[in-house]
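Visitor: Below is a structure I'd like to ask you about.
Residue numbers (the working numbering): 49 to 368.
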């Protein structure tokens, strides 16, 4: 952290942060993905929850995801102060102290796990607790600053929400929930590495060992292609499982063809050409990746709805 930012963050007075600052600690954009994928996991499960129970489950999963985000910002205040896209966050900007962020995050984490247990079952609560622990302790504190595979490892934490949603409804872990986990897990590296290709300066300055920093852009481009090929095989293959069907297959074929097109284009890129057109292809791939996950999980939800109407799929689930 720069001297000015460190002084600013350390001298913030308790109580200066407003509601918006504490809400920002929850990483609302990330929370949106957590809520959506958890909801799909819950609704795609072959067990119907009462609407109030389902609402409570999603609420506490969201709170748990937000708690992990707050604890991540507590630990990474120094990195956030060095990066253009994060330096205005509440802690480096001096609106919330690190102690306040830690107390806020740890309180929400404990509350979310206990309340999810009371609202649904122990299996869902344990997976939520492990997700928070994995993201904060194993990824953020333990490994992010030490390995170029940080994004791969961190992807596991972001992949748990549909599994938690499924467990909230069924009280168990199944092949279907593992497939949804795997879809997010394999999507995360090419998604973030595409971003890293045109945001490399930030990671260099912050000292984060992103693959672009430790192994170079050529290696990153190869990794993006390899992971995208594996992701496409997994995503299309999932169409022939219990969470798939014709709607999902159509979505998977279209989006994976587009993602593979961009991955191949990124792999073929010359660095001078990429710089000359301001990383147009890399930015296009990153934007597509944002829609990719939404499209696949919406298709899973559509298949569950069709199953509930008796038009195909594995069973009635929550739609009955």
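Don't be surprised by glycine CBs; every beta carbon is placed ideally from N, CA and C.
Report the residue from 269, 182 and 282 whose alpha carbon sits nearest the alpha carbon of residue 303.
Guide: Minimum Cα distance to residue 303 is reached at 282.
Visitor: Might you give, ordered along the chain, the residues of its own chain that have their beta carbon closer than 6 Å to the beta carbon of residue 85, omitting 5 neighbours on each side?
Guide: Counting only Cβ-Cβ distances below 6 Å, and skipping sequence neighbours, we find 209, 210 and 345.
Visitor: Provide the residue span of the alpha helix (DSSP H) that contains residue 123, from first to last.
Guide: Unbroken alpha helix (DSSP H) run through residue 123: 99-123.
Visitor: Would you mind reading off the limits of the alpha helix (DSSP H) that contains residue 279?
Guide: Element bounds for residue 279: 264-285.
Visitor: Assign residue 305 to one of two classes, buried (16 or more other C-beta atoms within 10 Å of its C-beta) or exposed (fewer than that).
Guide: So residue 305 ends up on the exposed side.
Visitor: Using C-beta distances below 8 Å, list every residue in its chain close to residue 50, excluding the 5 sequence neighbours before and after it, in chain order.
Guide: With a pLDDT of 44 at residue 50, under the threshold of 50, the modelled position of this residue cannot be trusted, and the question is left open.
Visitor: Quick one, which of 89, 236 and 65 has its alpha-carbon nearest residue 220's?
Guide: Comparing Cα positions, the closest option is 89.
Visitor: Would you check if the segment 102-109 and the segment 165-178 touch, i.e. whether three or more CB-CB distances between them fall below 8 Å?
Guide: Flag = yes, the segment 165-178 and the segment 102-109 touch.
Visitor: Between the C-alpha atoms of residue 188 and residue 356, what's the straight-line distance to the nearest angstrom?
Guide: Residue 188 and residue 356: Cα-Cα distance of roughly 40 Å.
Visitor: Please state the DSSP three-state secondary structure of residue 216.
Guide: The answer is helix: DSSP assigns residue 216 an H, G or I state.
Visitor: Could you check if residue 270 belongs to the surroundings of the ligand COA, using beta carbon to heavy atom distance under 7 Å?
Guide: Looking at this structure, you won't find the ligand COA or any other ligand, since it has none at all.
Visitor: Could you pull out every residue in the same chain whose Cβ sits closer than 7 Å to the Cβ of residue 231, ignoring the five residues on either side in sequence?
Guide: Counting only Cβ-Cβ distances below 7 Å, and skipping sequence neighbours, we find 282, 283, 286 and 344.
Visitor: Since residue 241 contacts residue 259 with CB under 8 Å, what's their CB separation in whole angstroms?
Guide: Indeed they touch by this definition, with Cβ atoms about 6 Å apart.
Visitor: Identify the continuous alpha helix (DSSP H) that holds residue 204 and give its terminal residues.
Guide: That run of the alpha helix (DSSP H) goes 198-207.
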